[in-house]
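**Q** First the structure, then my questions, so here it is.
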Amino acid sequence: MNNSSSDLRTQSMLDELSSFNKGGLFDFGHPLLNRIAESFVKAAGIGAIQAVSREAYFTAVEGTGIDNNAGGMPQEVSGAKKHRFSGHRGETGGISLEAMVKNTGKESFQWGLAAGIYSGLTYGLKEARGAHDWKNSAVAGAITGATLALASEDSSHEQIVQCAITGAAISTAANLLTGIF
Numbered sequence: 002m003n004n005s006s007s008d009l010r011t012q013s014m015l016d017e018l019s020s021f022n023k024g025g026l027f028d029f030g031h032p033l034l035n036r037i038a039e040s041f042v043k044a045a046g047i048g049a050i051q052a053v054s055r056e057a058y059f060t061a062v063e064g065t066g067i068d069n070n071a072g073g074m075p076q077e078v079s080g081a082k083k084h085r086f087s088g089h090r091g092e093t094g095g096i097s098l099e100a101m102v103k104n105t106g107k108e109s110f111q112w113g114l115a116a117g118i119y120s121g122l123t124y125g126l127k128e129a130r131g132a133h134d135w136k137n138s139a140v141a142g143a144i145t146g147a148t149l150a151l152a153s154e155d156s157s158h159e160q161i162v163q164c165a166i167t168g169a170a171i172s173t174a175a176n177l178l179t180g181i182f
């Protein structure tokens, strides 16, 4: 009898895992909320991986003693990204684990925020207009870009406009190239 109950648990666990491919990770009762949450979680995971891998790269470069001015990384990458947490140095002089976790959390949130806003806007515009086309992508990209610029620490009017234009251009190009590739 005990063996059959473990089979039921195994079956239900397998069913749960296979249902991720069919319906998604969340069911909040409305497709818009489901889409925003799923986009946020997926993009936040990508952002975390990107932040950790970048920090690991810079830590490895620091450890090897490569001189950045002698043909290594470009100055805009090495100077701006590498020493961004100079106040969060650990006992060995390297970037502390706490600073890396904070950076990873911040970047995860930014990636998730961008994906959630963009996904929610494209879904809402599709429902409101009855079509999913490049216009929806342009508007959603512009609003997402402007939002990300506003979320940065030192956003100027010029930066907000540039991010809105960049977001609109990238999302429109992605929408138009979807059918080609």
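Here this note's numbering is used: position 1 in the sequence shown is 2, and no number is missing along the way. A virtual CB, placed ideally from N, CA and C, is assigned to each residue, including glycine.
1. What three-state label does DSSP hand E154 in the structure shown?
2. Quick check: the Cα distance between F86 and H133, rounded to an integer number of angstroms?
3. Using a Cβ-Cβ cut-off of 8 Å (strictly less than) and excluding sequence neighbours within five positions of A44, which residues of its own chain qualify?
4. Under 7 Å from any heavy atom of the ligand COA, does the C-beta of Y58 make it?
5. Are at least three pairs of beta-carbons, each pair with one atom in the stretch 121-137 and one in the stretch 159-167, less than 8 Å apart?
6. Going by Cα to Cα distance, which pick from I50, E39, S120 and G46 is closest to G146?
7. D28 to N35, Cα distance in whole Å?
8. Spatial neighbours of L33 within its chain, please: C-beta separation below 7 Å, excluding the five flanking residues on both sides.
9. Using CA atoms only, rank isn't needed, just tell me which of E154, G180, I181 and G142 is closest to I171.
**A** To lay it out plainly:
1. As a position in the sequence shown, residue 154 is number 153, starting the count at 1. If DSSP states are grouped into helix, strand and coil, E154 belongs with coil.
2. As a working mapping, residue 86 is identified with position 85 in the sequence shown. As a working mapping, residue 133 is identified with position 132 in the sequence shown. Since pLDDT at F86 reaches only 47, below the 50 mark, its modelled position is unreliable, and no value is offered.
3. In the sequence shown, counting from the first residue as 1, residue 44 sits at position 43. Taken in chain order, the residues that qualify are W112, G113, A115, A116 and G117.
4. Judged by which ligands are present, the structure shown has none, so any question about the ligand COA falls away.
5. no
6. Within the sequence shown, residue 146 is the residue found at index 145, counting from 1. The option with the nearest alpha carbon to G146 is S120.
7. Within the sequence shown, residue 28 is the residue found at index 27, counting from 1. Within the sequence shown, residue 35 is the residue found at index 34, counting from 1. Looking at the two C-alpha atoms, the distance is approximately 6 Å.
8. What you label residue 33 is simply residue 32 of the sequence shown in a count that begins at 1. Cβ within range, chain order: G121, Y124 and G125.
9. Counting from one through the sequence shown, the residue named residue 171 turns up at place 170. It is G142 whose Cα lies nearest to the Cα of I171.
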